[in-house]
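Colleague: Numbering (mature numbering (1 follows the signal peptide of the UniProt record, and there is no 0)), first residue to last: -23 to -1, 1 to 134. C-beta atoms are modelled at their ideal positions from N, C-alpha and C, and glycine is treated no differently.
In structure tokens, the structure reads:
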């Protein structure tokens, strides 16, 4: 039943997202949309981690700091990808920046793994990144299904 409730919430969120998707370039462009995705992610993580009140009080501030750092790196990666890569020197520099960003992302995850272990038992701390990955995969899968359904309806008309 827990899986059904989470799936239902994500499906409802995706319905909302698909209606607004035509008007938006990227999810990051719309703060309300970003907030809805964030709320769905928090609900998913809360159910998957099954935190006690004491654990939640310690975990969520850490997780919020973690996601803030990750979002900054993602934004930097997007800016880096917009750089003109036509000349070899710029392309080489861009590749170096991309590798640096990937390493920084790994470093952030390693640092927060240690922080999560201070706030949560090892089993729950180990589940944070797994639950986060599962949420993203489920969200992407459902978005792809919606796009495929929408494209099929257009094709049939």
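Report all residues from its chain with a CB closer than 8 Å to the CB of residue 129; omit the five preceding and five following residues, and keep chain order.
Modeller: For the purposes of this step, residue 129 is taken as the residue at position 152 of the chain shown. Excluding sequence neighbours, residue 129 sits near nothing in its chain.
Colleague: Counting only the same chain and skipping the five closest in sequence on each side, list residues whose C-beta sits under 8 Å from that of residue 178.
Modeller: Lying before the first or after the last residue shown, residue 178 is absent from the chain, which here runs from -23 to 134.
Colleague: Relative to the alpha-carbon of residue 83, which residue among 46, 67, 68 and 26 has its alpha-carbon at the smallest distance?
Modeller: Residue mapping note: residue 83 aligns to position 106 of the chain shown, counting from 1. Selected option, being the one with the closest Cα: 46.
Colleague: Is it true that the segment 35 to 51 meets the segment 118 to 125, where meeting means three or more beta-carbon pairs spaced less than 8 Å apart?
Modeller: With the cut-off at 8 Å, the segment 35 to 51 and the segment 118 to 125 do not touch.
Colleague: Let me confirm a value: residue 18 is counted as buried when at least 16 other C-beta atoms fall within 10 Å, else exposed. Which label applies?
Modeller: Taking the chain shown and counting its residues from 1, the one referred to as residue 18 is at position 41. By the 10 Å Cβ count, residue 18 comes out buried.
Colleague: Count Cβ pairs between the segment 83 to 93 and the segment 111 to 121 that sit closer than 8 Å; are there 3 or more?
Modeller: No, the segment 83 to 93 is not in contact with the segment 111 to 121.
Colleague: Return helix, strand or coil for residue 64, following the three-state DSSP convention.
Modeller: Position 87 of the chain shown, counted from the start, is the residue given in the question as residue 64. Three-state result, residue 64: coil.
Colleague: Buried or exposed for residue -9, going by 16 or more other Cβ atoms inside 10 Å?
Modeller: The count along the chain shown starts at 1 and reaches residue -9 at position 15. Reliability of the predicted coordinates at residue -9 is poor, the pLDDT of 46 falling under 50, and the value obtained from them is presented with this limitation in mind. The residue is exposed, with fewer than 16 neighbouring Cβ atoms inside 10 Å.
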